[in-house]
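S.K.: The structure follows.
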Amino acid sequence: MPTRVQRQMVGQIEAKGEANEGGGGLWHRLRGGLAKTRSQLAEGVGALLLGKKEIDDAALEQLETALLLTDVGVDATQAIMESLAGRVRRKQLNDTQALYAALRSELTALLEPITGRLCVDPDKRPFVILLVGVNGVGKTTTIGKLARRFKADGHQVMLAAGDTFRAAAVEQLSAWGEANDVPVIAQHQGADSASVVFDAVQSGAARGIDVVLVDTAGRLQTKTNLMDELRKIKRVVGRLDAAAPHEVLLVLDAGVGQNALSQVAQFDAAVGLTGLIITKLDGSARAGILFAIARQFDIPVYFVGVGEQLEDLQPFDANHFVAALLDQEPDAQGS
Ligand SMILES: Nc1nc2c(ncn2[C@@H]2O[C@H](COP(=O)(O)OP(=O)(O)OP(=O)(O)O)[C@@H](O)[C@H]2O)c(=O)[nH]1
Ligand SMILES: [Mg+2]
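Read in order, the letters of the sequence shown are residues 1015 to 1349 in my numbering.
This is how it looks when you write it as structure tokens:
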């Protein structure tokens, strides 16, 4: 059973979520969540705009440093700077305002290829979504928020407590199940997580469930035996439906910076990722990590987390994200 504190926690998240719903509210929260990264960027980029009109090497260097400091990474920063410097040399950018606009379009273009939508395929029932990631990144809370979202879209949802490592993990997931009024399949602590997930998918099929969200224990990407356990979950679920799990999502804490790249690479090698969810963008000035990810991987980002409330888990949108980072309004055509 969920503890009182957990129930209270979920209750508070829900109450605040409902009070802040609405499109304008979402944009406001995204802007707020990216404030730390934005002010880090502004230290370099803002000076560009306020200062001299001419673009010189010092201005470009300032911009380069600002990008590196927000974890855009050497590779993506170099690509952005080469493109901008080339346009300056060709006299396509005449002043710092034009440079700023070019920066915005470069950044948006870098993120567009990894903008994705998480869709439930009605022909695949139950649609099985496995969430994986290192410890404490936000897997379980993300499942709670996704369950709410899918339910609101009219889907029958079930949760599978594949984190059998800690007793509290089952309680935490059960609290989300109760709050959303969706069934939770769980076994005792220490049970084989592949067997819990197998049971859940089988029971989901029997009960006509549309979506099974599978929670897993946090694990370091470098621990081979723990990565093998994920492979086993995948293999066992595949016996019920060869196409399952239909989505394998890696949850990443933006605050870890460049280590996120190693997490993506190693989880992808182990279980074949189909999507990313990047949480805790509000907690650090390192939101630039999305650009490094986009430069190196071809895996869609479905959601970004900018806080602990329900509506702080937002569908990822390249145009909105870059506008929020550069303190501008999103383009009208952006969703
Ligand atoms: N500030 C902030 N906190 C978040 C965000 N997403 C999740 N959290 C918080 O991160 C904490 C850990 O979340 P969990 O869902 O328990 O993480 P987990 O990955 O399931 O952790 P393990 O099961 O221990 O591996 C919770 O307090 C969440 O509320 C976010 O986008 N911003
Ligand atoms: Mg968890």
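Glycine is no exception: its CB is placed at the ideal position from the N, C-alpha and C atoms. Quantities reported herein were computed from a predicted structural model and do not represent experimental measurements.
Taking the beta carbon of Asn1149 as the centre, do at least 16 other beta carbons fall within 10 Å, making it buried, or is it exposed?
M.R.: Residue numbering aside, residue 1149 sits at position 135 when the sequence shown is read from its first letter. Its Cβ having fewer than 16 others within 10 Å, Asn1149 is exposed.
S.K.: Check each residue's C-beta against every heavy atom of ligand 2 and list, in chain order, those closer than 5 Å.
M.R.: Going along the chain, the residues that qualify are Lys1153 and Thr1154.
S.K.: Roughly how many angstroms separate the alpha carbons of Arg1253 and Leu1263, rounded to a whole number?
M.R.: Taking the first residue of the sequence shown as position 1, residue 1253 is located at position 239. Taking the first residue of the sequence shown as position 1, residue 1263 is located at position 249. Straight-line Cα distance between these residues: approximately 20 Å.
S.K.: For Glu1028 and Ser1188, I'd like the C-alpha separation in whole angstroms.
M.R.: Locating residue 1028 in the sequence shown gives position 14, counting from the first residue. Locating residue 1188 in the sequence shown gives position 174, counting from the first residue. Any answer about Glu1028 is weak, because its pLDDT of 43 lies below 50 and its placement is not dependable; what the coordinates show is given next. For Glu1028 and Ser1188, the distance between alpha carbons rounds to 15 Å.
S.K.: Hey, could you find the ends of the alpha helix (DSSP H) Gly1252 is sitting in?
M.R.: Residue mapping note: residue 1252 aligns to position 238 of the sequence shown, counting from 1. That run of the alpha helix (DSSP H) goes Thr1238 to Leu1254.
S.K.: Residues bridged to Pro1329 by DSSP?
M.R.: Here residue 1329 corresponds to residue number 315 of the sequence shown, with the count starting at 1. Answer by DSSP bridge pairing, in chain order: Phe1317.
S.K.: Please name the residue, chosen from Arg1221, Arg1233, Val1225 and Ile1303, that lies closest to Thr1178 on a Cα-to-Cα basis.
M.R.: For the purposes of this step, residue 1178 is taken as the residue at position 164 of the sequence shown. Among Arg1221, Arg1233, Val1225 and Ile1303, the Cα nearest to that of Thr1178 belongs to Arg1233.
S.K.: For Glu1035, which residues in the same chain have their Cβ closer than 8 Å to its Cβ, ignoring the five residues on either side in sequence?
M.R.: Numbered from its first residue, the sequence shown carries residue 1035 at position 21. The predicted position of Glu1035 is uncertain, since its pLDDT is 47 and thus under 50; no value can be drawn from it.
S.K.: Assign His1202 to one of two classes, buried (16 or more other C-beta atoms within 10 Å of its C-beta) or exposed (fewer than that).
M.R.: Counting from 1 along the sequence shown, the entry for residue 1202 is found at position 188. Per the 10 Å Cβ criterion, exposed.
S.K.: Between which two residues does the alpha helix (DSSP H) harbouring Val1184 extend?
M.R.: Here residue 1184 refers to the residue found at position 170 of the sequence shown. Start and end: Ala1181 to Asn1194.
S.K.: To the nearest angstrom, report how far apart Phe1311 and Ile1303 are at their CA atoms.
M.R.: Counting from one through the sequence shown, the residue named residue 1311 turns up at place 297. Counting from one through the sequence shown, the residue named residue 1303 turns up at place 289. Each residue's Cα considered, the two are about 12 Å apart.
S.K.: When you compare the CB positions of Gly1047 and Asp1296, do they come within less than 8 Å of one another, or not?
M.R.: On the sequence shown, residue 1047 is found 33 positions in, with the first residue counted as 1. On the sequence shown, residue 1296 is found 282 positions in, with the first residue counted as 1. Yes; because the gap between Cβ atoms is below 8 Å, this pair is in contact.
S.K.: Mind checking whether the beta-carbon of Glu1185 lies closer than 7 Å to any heavy atom of ligand 1?
M.R.: Taking the sequence shown and counting its residues from 1, the one referred to as residue 1185 is at position 171. Outside the cutoff, so no.
S.K.: Use the C-beta contact count for Ser1119: other C-beta atoms within 10 angstroms, 16 or more gives buried, fewer gives exposed.
M.R.: Your numbering for residue 1119 matches position 105 in the sequence shown. Result: exposed.
S.K.: Is any non-hydrogen atom of ligand 1 found closer than 7 Å to the C-beta of Asp1326, if you look at the structure I gave you?
M.R.: In the sequence shown, the residue the question calls residue 1326 occupies position 312. True, at least one ligand heavy atom lies under 7 Å from that Cβ.
S.K.: Just to confirm my understanding: we take Lys1138, look at its own chain, exclude 5 residues before and 5 after, and list those with CB closer than 8 Å. What are they?
M.R.: Position 124 of the sequence shown holds residue 1138. Within the same chain, Lys1138 has close Cβ partners Asp1255, Ala1257, Ala1258 and His1260.
S.K.: Just curious, the alpha helix (DSSP H) that Leu1121 is in, first and last residue?
M.R.: Here the question's residue 1121 lines up with position 107 in the sequence shown. Thr1110 to Leu1125 is the span of the alpha helix (DSSP H), which, as asked, contains Leu1121.
S.K.: Taking just the CA atoms, how far does Val1059 sit from Asp1085?
M.R.: Here residue 1085 is taken as the residue at index 71 of the sequence shown, counted from 1. Here residue 1059 is taken as the residue at index 45 of the sequence shown, counted from 1. Roughly 15 Å separates the two Cα atoms.
S.K.: Just to confirm the assignment: which complete beta strand (DSSP E) runs, minimum length 3, are found wholly within the stretch 1031–1102?
M.R.: With a minimum length of 3 residues, no continuous beta strand (DSSP E) run stays inside the stretch 1031–1102.
S.K.: Once DSSP output is grouped into helix, strand and coil, what is the label at Phe1141?
M.R.: Stepping through the sequence shown from its first residue, residue 1141 is reached at position 127. It is a strand residue.
S.K.: CB Asp1089 to CB Arg1309, shorter than 8 Å?
M.R.: Working through the sequence shown from its first residue, we reach residue 1089 at position 75. Working through the sequence shown from its first residue, we reach residue 1309 at position 295. A contact, by the Cβ cut-off of 8 Å.
S.K.: Apart from the five residues on each side of it in sequence, which residues of its chain come closer than 6 Å, Cβ to Cβ, to Ala1274?
M.R.: Residue 1274 sits at position 260 when you count from the first residue of the sequence shown. Cβ neighbours of Ala1274 beyond the five flanking positions: Leu1266 and Ile1303.
S.K.: In whole angstroms, what is the alpha-carbon distance linking Tyr1316 and Gly1269?
M.R.: Counting from 1 along the sequence shown, the entry for residue 1316 is found at position 302. Counting from 1 along the sequence shown, the entry for residue 1269 is found at position 255. Cα to Cα, the separation comes out at about 18 Å.
S.K.: Taking the straight line between their C-alpha atoms, what separation do you get for Ala1214 and Ala1337?
M.R.: Within the sequence shown, numbered from 1, the residue matching residue 1214 stands at position 200. Within the sequence shown, numbered from 1, the residue matching residue 1337 stands at position 323. Cα-Cα distance, rounded: 41 Å.
S.K.: Reducing DSSP to helix, strand and coil, say where Gly1025 ends up.
M.R.: Locating residue 1025 in the sequence shown gives position 11, counting from the first residue. At Gly1025, the pLDDT of 42 sits below 50, so the modelled position is not reliable and the matter cannot be decided from this model.
S.K.: Could you compute how far the alpha carbon of Ala1220 sits from the alpha carbon of Leu1098?
M.R.: Translated into positions along the sequence shown, residue 1220 becomes position 206. Translated into positions along the sequence shown, residue 1098 becomes position 84. Ala1220 and Leu1098: Cα-Cα distance of roughly 57 Å.
S.K.: Relative to the alpha-carbon of Ile1094, which residue among Leu1124, Leu1290, Ala1072 and Gln1323 has its alpha-carbon at the smallest distance?
M.R.: For this step, residue 1094 is matched to residue 80 along the sequence shown. Out of Leu1124, Leu1290, Ala1072 and Gln1323, Leu1124 has the C-alpha closest to the C-alpha of Ile1094.
S.K.: What separation, rounded to the nearest whole angstrom, lies between the Cα atoms of Val1251 and Val1198?
M.R.: The residue labelled residue 1251 in the question sits at position 237 within the sequence shown. The residue labelled residue 1198 in the question sits at position 184 within the sequence shown. Straight-line Cα distance between these residues: approximately 17 Å.
S.K.: Based on Cα-Cα distance, which residue from Gln1342, Val1102, Thr1110 and Asp1229 lies nearest to Ala1182?
M.R.: For this step, residue 1182 is matched to residue 168 along the sequence shown. Nearest of Gln1342, Val1102, Thr1110 and Asp1229 to Ala1182, Cα basis: Asp1229.
S.K.: Mapping the DSSP letters down to three states, classify Ala1175 as helix, strand or coil.
M.R.: For the purposes of this step, residue 1175 is taken as the residue at position 161 of the sequence shown. Residue state, collapsed to three classes: strand.
S.K.: Give the DSSP bridge partners of Asp1351, in chain order.
M.R.: Residue 1351 lies beyond the residue range present for the chain, which begins at 1015 and ends at 1349; the question has no answer from this structure.
S.K.: When we look at the beta-carbon of Gly1147 and count the other beta-carbons within 10 Å, is it buried (16 or more) or exposed?
M.R.: In the sequence shown, counting from the first residue as 1, residue 1147 sits at position 133. Result: buried.
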